[in-house]
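Participant: Please see the structure below; I have some questions.
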Amino acid sequence: MGSVLVVYGTKTGCTQGIAEHIGATMIDLGAKVDVRRAEDKPDPAGYDAVVVGSGVRAGSWHGPVKEWVSAHAWKLKEMPTAFFTACLTMADGAEKADEVRAYTDPLIAETGVEPVDIGLFAGMNDPKRFSLPERLIMKAMKAPQGDFRDMDAIAAWARETAPKLGIG
Ligand SMILES: Cc1cc2nc3c(=O)[nH]c(=O)nc-3n(C[C@H](O)[C@H](O)[C@H](O)COP(=O)(O)O)c2cc1C
Numbered sequence: 790m791g792s793v794l795v796v797y798g799t800k801t802g803c804t805q806g807i808a809e810h811i812g813a814t815m816i817d818l819g820a821k822v823d824v825r826r827a828e829d830k831p832d833p834a835g836y837d838a839v840v841v842g843s844g845v846r847a848g849s850w851h852g853p854v855k856e857w858v859s860a861h862a863w864k865l866k867e868m869p870t871a872f873f874t875a876c877l878t879m880a881d882g883a884e885k886a887d888e889v890r891a892y893t894d895p896l897i898a899e900t901g902v903e904p905v906d907i908g909l910f911a912g913m914n915d916p917k918r919f920s921l922p923e924r925l926i927m928k929a930m931k932a933p934q935g936d937f938r939d940m941d942a943i944a945a946w947a948r949e950t951a952p953k954l955g956i957g
């Protein structure tokens with residue numbers, strides 16, 4: 790049924806929850822799944838497919854996730870790899886999906902890793918989890934407060950993307 794490595798980067802735990810939900814959905818489809826932080830530097834060797842995602846700061850994935858993709862690009866180019874992005878722009882609805890999809894364009898151009906799909910998910914803005922400067926930035930941006938993660942939409946994306954990863 791296939792084995793999948795789900796790798797994520799997070800500042801507040803938002804993207805960890807999304808990664809774990811993607812992993813649980815793929816386990817339900819019969820896959821063997823490991824969910825790991827990018828900082829742990831998991832080795833994609835031996836897996837059949839990879840899902841990698843991150844929260845966003847200033848239009849870009851977190852550094853450790855970009856570094857992980859770069860470090861393993863040669864391998865990821867040979868295996869089905871899906872990306873996902875968690876951010877607040879998606880909390881406004883799907884109108885700005887193209888803008889959010891473009892957050893990973895530089896990484897794709899730099900590494901040559903072509904994802905089979907890019908999941909675009911609303912994240913969260915919980916001021917308690919941000920530093921003071923981050924809280925001020927969010928306030929200045931008039932970012933909506935709350936947890937906008939749609940677990941049903943995340944599971945639906947995982948199920949739709951699974952066949953492209955050779956699962957199910
Ligand atoms: C300083 C700062 C900058 C951010 N920049 C963006 C951005 O450029 N675009 C966006 O859609 N969301 C942006 N966000 C929102 C985060 O991506 C969102 O809170 C996401 O859920 C974070 O996930 P994580 O905590 O798992 O990293 C920003 C948040 C902060 C605190």
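Residue numbers for the sequence shown, in my numbering: 790 to 957. We treat Cβ as the ideally placed atom computed from N, Cα and C, and that holds for glycine.
(1) Give the single residue among HIS851, GLY844, PHE919 whose Cα lies nearest to the Cα of THR878.
(2) Run through DSSP, which three-state label would ILE816 get?
(3) In angstroms, rounded to a whole number, what distance separates the CA positions of ALA871 and ARG918?
(4) Please report the residue range of the alpha helix (DSSP H) in which SER859 lies.
(5) In whole angstroms, what is the alpha-carbon distance linking ARG938 and GLY835?
(6) Span of the beta strand (DSSP E) holding LEU909?
(7) May I have the straight-line CA-CA distance separating ALA847 from ALA898, to the nearest angstrom?
Facilitator: This is what the structure holds:
(1) GLY844
(2) helix
(3) 28 Å
(4) 852 to 860
(5) 31 Å
(6) 907 to 911
(7) 18 Å
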